[in-house]
Amino acid sequence: MIKCVIFDMDGVVVNTEPIGYQANGELFKSLNIVVPDDIYATFIGSSDKNNMQRIKDLYNLEHTREELLDEKYKYYYEVFDKADDLELMAGVKDLIIDLHKNGMKLILASSATKRKIDKVFSRFDLYPYFDEVISGDDFEFSKPHPAIFLEAVAKSGFNKSECVIIEDSANGIKAAKAAGVYCIGYVSGHGLPQDTTGADKVITDFKELSFNKFNDLI
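When you line the sequence shown up against numbering that gives the first Met the number 0, it's residues 0 to 217, in that order.
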């Protein structure tokens, strides 16, 4: 029986990927580098610190990773705070409320920073529904490494077989499967395409899920 649902955030709960794409574009322009979409797509789902280290290495930049992170966040939060069209993914809050109302434990396990998570959760009043919020800030290794999902399972208090992960990125799906947890791949139609073939089930609409339907999946 499924007792805990573990959500990724960016691209699953909220459509922040256009914000990230715009902000990173401004960062790349300031660094005089061009990052093709096929390379950028491989960053999705991984932590900012991991991605900035990869940018530093790929483009042989003299900046430290911390300097790149500071610049990235300057652009990101400027775009985020001005984005009046930022929305939750269609149907996801209805699902979250349904699961919470029926006693399902909900955990967020996102590669995003604590500050970014707090901005999203405060803006959309999500804190009351989640039992745990886990940020990529706290891990040396980012998705596709399974560390964050192993921590989420440990915090759930349940066995892996009693948990489900919802992910949208190839890196996130790989992390979920490496953690040994059933993974639902979500394809929203927003952002750059991701390889979801590693997921146990793929959905395109959160109406495909509900509290009553979860145990039919496994």
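Where a beta carbon is used, it is the ideal one built from N, C-alpha and C, also for glycine.
Remember, predicted model here, so these are calculated numbers, not experimental data.
Asked: For Leu105, the residue or residues it bridges with in DSSP; Found: Val4
Asked: Where the alpha helix (DSSP H) through Ile54 begins and ends; Found: Asp47 to Leu57
Asked: From Pro143, Tyr128 and Gln193, residue whose alpha carbon lies closest to that of Ile218; Found: With the chain covering 0 to 217 only, the question about residue 218 has no answer from this structure.
Asked: Any C-beta of chain C under 8 Å from that of Asp137; Found: Absent from the structure is chain C; it holds one protein chain and no more.
Asked: Delimiting residues of the beta strand (DSSP E) encompassing Val201; Found: Lys200 to Ile202
Asked: Beta-carbon contacts of Asp145 that lie in its chain and below 7 Å, excluding the five residues immediately before and after; Found: In the sequence under discussion, the amino acid at residue 145 is Pro, which differs from the Asp named in the question. Only Ala174, Ala177 and Ala178 meet the Cβ criterion.
Asked: Bounding residues of the alpha helix (DSSP H) (the contiguous stretch that carries Tyr72); Found: Arg64 to Lys81
Asked: Neighbourhood of Phe213 by C-beta distance below 6 Å, restricted to the same chain and skipping five residues each side; Found: Ile1
Asked: Glu77 versus Leu216: straight-line alpha-carbon distance, rounded; Found: 41 Å
Asked: Residue range of the unbroken alpha helix (DSSP H) whose run includes Glu25; Found: Glu16 to Ser29
Asked: Proximal residues to Phe138 (C-beta, below 8 Å), its chain only, five neighbours per side dropped; Found: Ser46, His144, Ala146, Ile147 and Glu150
Asked: Inter-residue Cα distance where the pair is Asp93 and Ser109; Found: 20 Å
Asked: Touch test, the region 61-70 against the region 114-132, Cβ-Cβ under 8 Å, three pairs minimum; Found: no
Asked: Touching by the beta-carbon criterion (3+ pairs, under 8 Å), the region 0-19 and the region 152-159; Found: yes
Asked: Where Glu139 sits in the DSSP three-state scheme; Found: coil
Asked: Reduced DSSP category for Ile95 - H, G, I as helix; E, B as strand; rest coil; Found: helix
Asked: Span separating the alpha-carbon of His189 from that of Leu60; Found: 30 Å
Asked: Buried/exposed call for Ser168, threshold 16 Cβ in 10 Å; Found: buried
Asked: Nearest-angstrom Cβ-Cβ length linking Tyr39 and Leu208, presumed shorter than 8 Å; Found: Wrong, their Cβ atoms sit about 29 Å apart, outside the cutoff.
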